[in-house]
Amino acid sequence: MAIAIDFGTSNTVIARWNPVTQQPQTLTLPGLSIQQSLNPPLIPSLVYVEDANQAKILLGQQVRDRGLDLKGDTRFFRSFKRGIGADIQGFLPELDGQVVTFEQVGQWFLTEVIQQLAPLEGGLDSLVLTVPVDSFEIYRHWLGKVCQALPVEQVRMLDEPTAAALGYGLADQEILLVVDFGGGTLDLSLVQLNKSAQTNTKPVGFLLKWGNKSLAEDSKQKTKTARVLAKAGQNLGGTDIDNWLVDYFAKTQGLAVNSLTTRLAERVKIQLSSQNQASEVYFDDENFESYELELNRDTLESILKEHGFFEQLDDAIANLLQQARRQGIELTDINAVLLVGGTVQLPAVQTWVKQYFQPEKIRCEKPFEAIAQGALQLSQGVEIKDFLYHSYGVRYWDRRNQRHSWHPIIKDGQGYPMSQPVELVLGASLENQPSIELILGELGAETGGTEVYFDGDRLITRRLDNGVTSVKPLNDKEGARTIAQLTPPGFPGSDRIKILFQVDEQRFLRITVEDLLTNNILLENQVVAQLS
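Its first residue numbered 3, the sequence shown is counted upward by one per residue in the numbering used here.
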């Protein structure tokens, strides 16, 4: 059975391919999914850790049914996807004698979802997981490691906005703009769909795990191609708006900043998607305190403006359109705009989109399901032609500024898998040098990065507009920096090792290292993030 999971910051959606109807179908997991009539089945991305040593957790709607999201307990986790692979500023909670990381919480969540899903579907032979367009390799590598332990034959990854374009199922040859605005990220992607003739190309995506099943049956059919033309991302989402609303109520009404007020603020925000005025009243029978939150759309828009919300949206679309114009594509060439994610339901966001596009081009009927349903297309013979959103580089000492800096070796915009590797030759710098170290990193936007930190028990992200490239080192840890042990030792004055850099179909950076003196291969096609 083919399954796709859209693991989101706020909610998670699961879809399966129905072999009878030949259509995608969104699944309900009893006890975990929200039972509501207005929206498709959603699993809240919530975890409550009952026993960290035994990996015993409650998740999804189970957490809300027991009111565990309102108590401010350190065992409760929300928005944990944002912390995976991030450099957290602040203290992680210690539960049952062990420090619990967001990577661990995310693994528990996904593993439990799949363990409950597999028996209902009679086993899983194909799984597609979606990732934000601005995700770094460290996140994708974590996801890959989680997948290796799953009882699934074949696992692939796909960018969320590309999946959304496929999920709306529009006509071939259309140029589509996907605005994917969920709980944790804003992702924009310009995608062109077309149908090619028979091909021997196997569907790709980011292939994480093959298993024993061959894709030969998929290799000689008419293959739809999703070509990614441009993409841009921001670490901005509905969770940020919730935090801004909590801060507003704390300032204007003196309300405490805690899990309860965060949940109430989220409810108020959701109400404002369908009405002009919203209110939430809650009585805490343990502390005998009452909470009353009221907000209207005008005040919400003022709060958004105060935090530079619309400026960040404008920056993202300007970045995307700049990439598009390099390929001769203008704003008027975009045939449809597809709105995806819970945050796109805010009228302020829809009004912002209409500043750029005519209303008849804008589609918003599948905000929650499009990504998971579109990701299933990978199991139906869709080929993805994508490019790198981030550069890869090596760290060096900048003598002029007396600090470390980064030199790009593979630039963003490069297609993958790469047909030809990039070559770098290095020599020894000391007499009798026993080894050569090299620190490799994934380079983000040059306009600044995102800092993730704790404010009380809230996980907050803050944009850093410092003009410094944001970098995620891939091998900056003990035992991983050394890429070549030199036998015999090296001496200055001559080239000693040759490094070949390659990005594979999974979007992972791989290196091959050759000793030019001995002609020995010291590392062969090694994933950099797995160096140890």
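Ideal Cβ positions, reconstructed from N, Cα and C, are used throughout, including at glycine.
None of the values given here were measured: they were computed from a predicted structure.
With distances taken Cα to Cα, identify the nearest neighbour of residue i among the options.
i: Val49; options: Ala280, Ala326, Arg66 and Leu94; result: Arg66
i: Asp599; options: Gly417, Ile364, Thr11 and Gln277; result: Outside the displayed range of the chain (3 to 534) lies residue 599, so it cannot be described from this structure.
i: Val181; options: Gln118, Cys366 and Arg158; result: Cys366
i: Asn434; options: Pro491, Gln106 and Ser128; result: Pro491
i: Ile441; options: Met420, Ser421, Gly429 and Ser407; result: Ser407
i: Glu176; options: Phe359, Val529, Ala531 and Asp335; result: Asp335
i: Leu129; options: Ile319, Val148 and Val339; result: Val148
i: Val22; options: Tyr250, Gln347 and Met3; result: Met3
i: Leu112; options: Thr11, Gln24 and Lys73; result: Thr11
i: Leu302; options: Gln37, Val248, Pro43 and Ala6; result: Val248
i: Leu44; options: Val115, Glu313 and Arg328; result: Val115
i: Leu315; options: Arg401, Thr353 and Glu296; result: Thr353
i: Leu380; options: Asn41, Gln63, Leu119 and Gly169; result: Gly169
i: Trp110; options: Thr132, Tyr293, Arg68 and Gly62; result: Gly62
At the 8 Å Cβ level, is residue i part of the contact set with chain C, yes or no?
i: Gly240; result: Absent from the structure is chain C; it holds one protein chain and no more.
Ignore the nearest five residues each way along the sequence and tell me which others in residue i's own chain have a CB closer than 8 Å to its CB.
i: Asn298; result: Leu274, Asn278, Gln279 and Ala280
i: Ser431; result: Pro494
i: Arg68; result: Tyr50 and Leu60
In angstroms, rounded to a whole number, what distance separates the CA positions of residue i and residue j?
i: Glu439; j: Val473; result: 18 Å
i: Ile513; j: Phe503; result: 5 Å
i: Gln255; j: Ser304; result: 17 Å
i: Gly87; j: Lys413; result: 22 Å
i: Asn196; j: Leu178; result: 11 Å
i: Lys271; j: Pro32; result: 27 Å
i: Asn337; j: Lys363; result: 7 Å
i: Ala165; j: Leu378; result: 8 Å
i: Arg18; j: Asp300; result: 40 Å
i: Pro349; j: Gly184; result: 15 Å
i: Thr449; j: Trp399; result: At Thr449, the pLDDT of 46 sits below 50, so the modelled position is not reliable and the matter cannot be decided from this model.
i: Pro163; j: Ser137; result: 12 Å
i: Leu238; j: Arg397; result: 28 Å
i: Val135; j: Gly376; result: 15 Å
i: Ala486; j: Trp144; result: 25 Å
i: Pro423; j: Asp506; result: 10 Å
i: Glu516; j: Asp478; result: 21 Å
i: Ile243; j: Leu306; result: 8 Å
i: Arg229; j: Gln194; result: 5 Å
i: Leu152; j: Ile16; result: 16 Å
i: Val355; j: Leu188; result: 13 Å
i: Ala167; j: Ser35; result: 25 Å
i: Phe290; j: Asn245; result: 24 Å
i: Thr263; j: Leu257; result: 8 Å
i: Gln37; j: Arg483; result: 50 Å
i: Gly85; j: Gly240; result: 15 Å
i: Leu524; j: Pro419; result: 23 Å
i: Gln532; j: Pro475; result: 12 Å
i: Phe78; j: Gly92; result: 17 Å
i: Ala6; j: Gly124; result: 15 Å
i: Glu526; j: Val51; result: 41 Å
i: Gln25; j: Pro95; result: 43 Å
Would you call residue i buried or exposed, if buried means 16 or more other Cβ atoms sit within 10 Å of its Cβ?
i: Thr76; result: exposed
i: Gly330; result: exposed
i: Ser198; result: Note that Ser198 scores 48 on pLDDT, short of 50, meaning its location in the model is unreliable and no value can be drawn from it.
i: Asp286; result: exposed
i: Leu29; result: buried
i: Asn214; result: Residue confidence for Asn214 is low, a pLDDT of 41 falling below 50, so the modelled location carries little weight; the figure read from the coordinates is stated next. The residue is exposed, with fewer than 16 neighbouring Cβ atoms inside 10 Å.
i: Asp8; result: buried
i: Arg498; result: buried
i: Arg405; result: exposed
i: Gln57; result: This sequence places Ala at residue 57; Gln is not what is there. When all chains shown are included, Ala57 counts as exposed.
i: Ala218; result: At Ala218, the pLDDT of 31 sits below 50, so the modelled position is not reliable; the number obtained from the coordinates is stated separately. Ala218 comes out exposed.
i: Arg328; result: exposed
i: Lys253; result: exposed
i: Asn13; result: buried
Report all residues from its chain with a CB closer than 6 Å to the CB of residue i; omit the five preceding and five following residues, and keep chain order.
i: Arg80; result: Leu48
i: Ala54; result: Leu97, Asp98, Gln100 and Val102
i: Ile501; result: Leu426, Ile513 and Val515
i: Asn260; result: Gly74
i: Gln324; result: none
Go through its chain and collect everything with a Cβ distance to residue i's Cβ below 7 Å, but skip five positions before and after it.
i: Gly326; result: Looking at the sequence itself, residue 326 is Ala, so the reference to Gly does not match. Once the five neighbours on either side are set aside, the close Cβ partners of Ala326 are Leu192, Leu231 and Ala232.
i: Ser393; result: Pro410, Ile412, Lys413, Asp414 and Leu445
i: Gly343; result: Asp182, Phe183, Gly184 and Pro369
i: Ala234; result: Leu190, Ala318, Asn321 and Leu322
i: Glu268; result: Asp244
i: Leu519; result: Arg498
i: Arg265; result: Asp71 and Leu72
Let me check one thing: in DSSP terms, what residues is residue i bridge-paired to?
i: Leu474; result: The residue you asked about is not Leu; residue 474 is Lys in the sequence shown. DSSP, once it has assigned bridges, lists Glu444 as partnering Lys474.
i: Trp408; result: Arg397
i: Val180; result: Ser191 and Leu340
i: Phe9; result: Thr14
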